[in-house]
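See below for the structure under consideration.
Numbering (my numbering), first residue to last: 6 to 244.
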(Lines of atoms letter the chains of each structure in order from A and count residues from 1; the text may use other names and numbers.)
(Lines give C-alpha, C1' and ligand atoms only; values in the text may rest on other atoms or scores of the structure.)
Protein backbone atom coordinates (compact mmCIF):
# COMPACT_ATOMS: atom_id res chain seq x y z
CA UNK A 1 0.00 0.00 0.00
CA UNK A 2 2.82 2.41 0.86
CA UNK A 3 4.36 1.95 -2.59
CA UNK A 4 0.99 2.73 -4.18
CA UNK A 5 0.68 5.84 -2.02
CA UNK A 6 4.12 7.09 -3.04
CA UNK A 7 3.49 6.51 -6.75
CA UNK A 8 0.06 8.13 -6.51
CA UNK A 9 1.48 11.12 -4.66
CA UNK A 10 4.21 11.50 -7.29
CA UNK A 11 1.71 11.52 -10.14
CA UNK A 12 -0.55 14.00 -8.38
CA UNK A 13 2.44 16.17 -7.43
CA UNK A 14 3.59 16.44 -11.03
CA UNK A 15 0.20 17.73 -12.16
CA UNK A 16 -0.46 20.03 -9.19
CA UNK A 17 3.12 21.33 -9.20
CA UNK A 18 2.94 22.16 -12.90
CA UNK A 19 -0.43 23.88 -12.43
CA UNK A 20 1.02 26.04 -9.65
CA UNK A 21 4.15 26.77 -11.68
CA UNK A 22 2.09 27.83 -14.70
CA UNK A 23 -0.08 30.19 -12.66
CA UNK A 24 3.00 31.61 -10.95
CA UNK A 25 4.73 32.17 -14.29
CA UNK A 26 1.73 34.08 -15.62
CA UNK A 27 0.64 36.08 -12.60
CA UNK A 28 3.11 35.88 -9.68
CA UNK A 29 6.63 35.90 -11.11
CA UNK A 30 6.12 39.09 -13.20
CA UNK A 31 5.29 40.94 -9.99
CA UNK A 32 8.42 39.63 -8.28
CA UNK A 33 10.58 40.58 -11.26
CA UNK A 34 9.09 44.09 -11.28
CA UNK A 35 9.84 44.51 -7.58
CA UNK A 36 13.39 43.19 -7.97
CA UNK A 37 14.17 46.05 -10.34
CA UNK A 38 13.85 48.44 -7.41
CA UNK A 39 15.86 46.16 -5.13
CA UNK A 40 18.75 45.90 -7.60
CA UNK A 41 18.63 49.64 -8.28
CA UNK A 42 18.95 50.55 -4.61
CA UNK A 43 22.38 51.69 -3.47
CA UNK A 44 24.16 49.25 -1.18
CA UNK A 45 23.52 50.42 2.32
CA UNK A 46 23.99 48.95 5.73
CA UNK A 47 21.28 50.14 8.10
CA UNK A 48 21.81 49.87 11.82
CA UNK A 49 18.87 48.33 13.65
CA UNK A 50 17.71 49.26 17.14
CA UNK A 51 18.93 45.92 18.51
CA UNK A 52 22.46 46.65 17.42
CA UNK A 53 22.45 44.29 14.44
CA UNK A 54 22.97 45.35 10.85
CA UNK A 55 21.16 44.43 7.69
CA UNK A 56 22.55 44.48 4.19
CA UNK A 57 21.86 42.84 0.87
CA UNK A 58 24.52 40.20 0.19
CA UNK A 59 25.21 40.46 -3.50
CA UNK A 60 27.53 37.43 -3.32
CA UNK A 61 24.78 35.06 -2.13
CA UNK A 62 24.04 32.36 -4.69
CA UNK A 63 20.75 32.39 -6.54
CA UNK A 64 19.65 30.67 -9.75
CA UNK A 65 20.18 32.66 -12.92
CA UNK A 66 17.16 34.33 -14.46
CA UNK A 67 15.46 32.42 -17.22
CA UNK A 68 15.29 28.65 -17.57
CA UNK A 69 17.46 27.91 -14.53
CA UNK A 70 15.28 29.96 -12.20
CA UNK A 71 12.09 28.56 -13.72
CA UNK A 72 13.44 25.03 -13.41
CA UNK A 73 14.19 25.42 -9.72
CA UNK A 74 10.74 26.90 -9.15
CA UNK A 75 9.02 23.97 -10.87
CA UNK A 76 11.16 21.45 -8.96
CA UNK A 77 10.38 23.15 -5.66
CA UNK A 78 6.65 23.21 -6.42
CA UNK A 79 6.56 19.52 -7.41
CA UNK A 80 8.50 18.43 -4.33
CA UNK A 81 6.23 20.50 -2.08
CA UNK A 82 3.17 19.05 -3.80
CA UNK A 83 4.51 15.53 -3.23
CA UNK A 84 4.90 16.14 0.50
CA UNK A 85 1.43 17.66 0.77
CA UNK A 86 -0.09 14.82 -1.28
CA UNK A 87 1.39 12.26 1.09
CA UNK A 88 -0.08 14.14 4.05
CA UNK A 89 -3.48 14.31 2.35
CA UNK A 90 -3.43 10.60 1.49
CA UNK A 91 -2.63 9.65 5.09
CA UNK A 92 -5.36 11.97 6.39
CA UNK A 93 -7.95 10.70 3.90
CA UNK A 94 -7.42 7.03 4.77
CA UNK A 95 -7.36 7.77 8.49
CA UNK A 96 -10.60 9.75 8.17
CA UNK A 97 -12.14 6.89 6.21
CA UNK A 98 -11.14 4.29 8.79
CA UNK A 99 -11.82 6.32 11.94
CA UNK A 100 -14.77 8.51 10.93
CA UNK A 101 -16.24 6.66 7.94
CA UNK A 102 -15.62 9.61 5.62
CA UNK A 103 -15.78 8.51 2.00
CA UNK A 104 -12.93 9.23 -0.40
CA UNK A 105 -14.19 11.00 -3.52
CA UNK A 106 -13.03 13.84 -5.73
CA UNK A 107 -15.71 16.08 -4.17
CA UNK A 108 -14.48 15.25 -0.67
CA UNK A 109 -10.99 15.85 -2.02
CA UNK A 110 -11.94 19.43 -2.84
CA UNK A 111 -12.91 19.79 0.81
CA UNK A 112 -9.53 18.43 1.86
CA UNK A 113 -7.90 20.86 -0.55
CA UNK A 114 -9.84 23.76 0.96
CA UNK A 115 -8.72 22.66 4.43
CA UNK A 116 -5.11 22.60 3.22
CA UNK A 117 -5.51 26.05 1.66
CA UNK A 118 -6.83 27.48 4.92
CA UNK A 119 -4.18 25.72 6.98
CA UNK A 120 -1.06 26.37 4.95
CA UNK A 121 -1.84 29.69 3.26
CA UNK A 122 -4.88 31.71 4.31
CA UNK A 123 -4.50 31.75 8.10
CA UNK A 124 -0.70 32.21 8.10
CA UNK A 125 -1.07 34.96 5.48
CA UNK A 126 -3.48 36.86 7.73
CA UNK A 127 -0.62 37.35 10.18
CA UNK A 128 2.31 37.37 7.76
CA UNK A 129 1.33 38.83 4.41
CA UNK A 130 3.13 37.50 1.32
CA UNK A 131 6.13 39.76 0.72
CA UNK A 132 7.78 41.08 -2.40
CA UNK A 133 11.47 42.04 -2.68
CA UNK A 134 12.45 45.33 -0.96
CA UNK A 135 9.72 44.97 1.68
CA UNK A 136 10.74 45.27 5.31
CA UNK A 137 10.11 42.14 7.38
CA UNK A 138 10.63 40.82 10.90
CA UNK A 139 13.47 38.40 11.70
CA UNK A 140 13.23 35.19 9.67
CA UNK A 141 13.39 32.88 12.70
CA UNK A 142 10.43 34.57 14.35
CA UNK A 143 8.35 34.46 11.17
CA UNK A 144 9.13 30.77 10.65
CA UNK A 145 8.18 29.89 14.22
CA UNK A 146 4.88 31.77 14.03
CA UNK A 147 4.07 30.23 10.64
CA UNK A 148 4.53 26.74 12.08
CA UNK A 149 2.34 27.67 15.06
CA UNK A 150 -0.39 29.01 12.78
CA UNK A 151 -0.30 25.91 10.57
CA UNK A 152 -0.42 23.44 13.48
CA UNK A 153 -3.13 25.38 15.30
CA UNK A 154 -5.31 25.72 12.19
CA UNK A 155 -4.89 22.04 11.33
CA UNK A 156 -5.88 21.02 14.85
CA UNK A 157 -8.86 23.39 14.76
CA UNK A 158 -10.17 21.91 11.51
CA UNK A 159 -9.60 18.37 12.80
CA UNK A 160 -11.49 19.23 15.99
CA UNK A 161 -14.48 20.52 14.04
CA UNK A 162 -14.58 17.45 11.81
CA UNK A 163 -13.73 14.61 14.17
CA UNK A 164 -14.54 15.59 17.76
CA UNK A 165 -18.06 14.98 19.07
CA UNK A 166 -20.50 17.57 20.44
CA UNK A 167 -19.15 20.19 22.79
CA UNK A 168 -15.60 18.92 22.34
CA UNK A 169 -15.59 20.90 19.10
CA UNK A 170 -15.14 24.00 21.27
CA UNK A 171 -11.47 23.05 21.34
CA UNK A 172 -11.30 24.44 17.81
CA UNK A 173 -11.78 27.95 19.19
CA UNK A 174 -8.78 27.52 21.49
CA UNK A 175 -6.60 26.26 18.66
CA UNK A 176 -7.65 29.07 16.31
CA UNK A 177 -6.95 31.71 18.95
CA UNK A 178 -3.48 30.44 19.90
CA UNK A 179 -1.43 32.09 17.10
CA UNK A 180 -3.18 35.42 17.62
CA UNK A 181 -2.62 35.34 21.38
CA UNK A 182 1.09 34.91 20.70
CA UNK A 183 0.97 37.47 17.88
CA UNK A 184 2.74 37.43 14.53
CA UNK A 185 6.20 39.05 14.58
CA UNK A 186 6.23 42.49 13.00
CA UNK A 187 9.11 44.55 11.56
CA UNK A 188 10.22 47.69 13.32
CA UNK A 189 9.45 49.64 10.15
CA UNK A 190 6.53 48.67 7.92
CA UNK A 191 6.48 49.04 4.17
CA UNK A 192 9.41 50.04 1.98
CA UNK A 193 12.49 52.14 2.70
CA UNK A 194 13.28 53.06 -0.89
CA UNK A 195 14.33 56.74 -1.04
CA UNK A 196 12.15 57.48 -4.10
CA UNK A 197 8.52 58.21 -3.18
CA UNK A 198 7.35 57.21 -6.66
CA UNK A 199 9.15 53.89 -6.30
CA UNK A 200 7.49 53.30 -2.93
CA UNK A 201 4.07 53.95 -4.46
CA UNK A 202 4.83 51.47 -7.24
CA UNK A 203 6.05 48.88 -4.76
CA UNK A 204 2.93 49.28 -2.63
CA UNK A 205 0.79 48.68 -5.71
CA UNK A 206 2.87 45.62 -6.60
CA UNK A 207 2.46 44.33 -3.05
CA UNK A 208 -1.34 44.53 -3.31
CA UNK A 209 -1.23 42.69 -6.63
CA UNK A 210 1.10 40.09 -5.15
CA UNK A 211 -1.21 39.26 -2.25
CA UNK A 212 -4.11 38.70 -4.64
CA UNK A 213 -2.02 36.71 -7.14
CA UNK A 214 -0.53 34.40 -4.52
CA UNK A 215 -3.96 33.83 -2.96
CA UNK A 216 -5.40 32.77 -6.32
CA UNK A 217 -2.36 30.64 -7.23
CA UNK A 218 -2.37 28.79 -3.92
CA UNK A 219 -6.14 28.34 -4.03
CA UNK A 220 -5.96 26.70 -7.45
CA UNK A 221 -3.03 24.58 -6.31
CA UNK A 222 -4.78 23.23 -3.23
CA UNK A 223 -8.07 22.51 -4.97
CA UNK A 224 -6.20 20.71 -7.75
CA UNK A 225 -4.11 18.80 -5.23
CA UNK A 226 -7.07 17.81 -3.06
CA UNK A 227 -9.35 16.75 -5.90
CA UNK A 228 -6.67 14.80 -7.78
CA UNK A 229 -5.35 13.13 -4.63
CA UNK A 230 -8.79 11.84 -3.69
CA UNK A 231 -9.58 10.73 -7.24
CA UNK A 232 -6.25 8.92 -7.60
CA UNK A 233 -6.51 7.37 -4.14
CA UNK A 234 -9.90 5.87 -4.90
CA UNK A 235 -8.81 4.58 -8.30
CA UNK A 236 -5.26 3.35 -7.75
CA UNK A 237 -4.84 2.52 -4.04
CA UNK A 238 -6.40 -0.68 -2.77
CA UNK A 239 -6.71 -0.55 1.00
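Ideal Cβ placement from N, Cα and C applies to all residues, glycine included. It should be emphasised that the depicted structure is a prediction, and the values quoted were computed from it without experimental measurement.
Ranked by Cα distance from residue 154, the options 18, 186 and 208 are led by 186. If only complete runs of 4 or more residues are kept, the stretch 202 to 230 shows no alpha helix (DSSP H) anywhere. Contact check between the stretch 97 to 107 and the stretch 193 to 207: fewer than three CB pairs, one atom from each, fall below 8 Å, which does not count as touching.
Measuring C-alpha to C-alpha distances from residue 84 to each of 232, 221, 184 and 14 identifies 14 as the nearest. Note: residue 140 is bridge-paired with 197 in the DSSP secondary-structure output.
Short of 7 Å from the beta carbon of residue 122, and not among the five residues preceding or following it, lie these beta carbons of its own chain, in chain order: 223, 224 and 227. Cβ-Cβ distances below 7 Å link residue 216 to 134 and 135 in the same chain, with the five nearest sequence neighbours on each side left out; the list follows chain order. Nearest C-alpha to residue 35 among 239, 243, 236 and 208: 208.
Using a Cβ distance threshold of 8 Å, residue 97 and residue 117 count as a contacting pair. In its chain, beyond the 5 residues on either side, 138 have a beta carbon closer than 7 Å to the beta carbon of residue 41.
Here residue 164 carries a helix assignment [DSSP, helix/strand/coil]. In the displayed model, residue 243 falls within coil according to three-state DSSP, outside both helix and strand. In the structure shown, residue 129 falls within a helical segment according to DSSP collapsed to helix, strand and coil.
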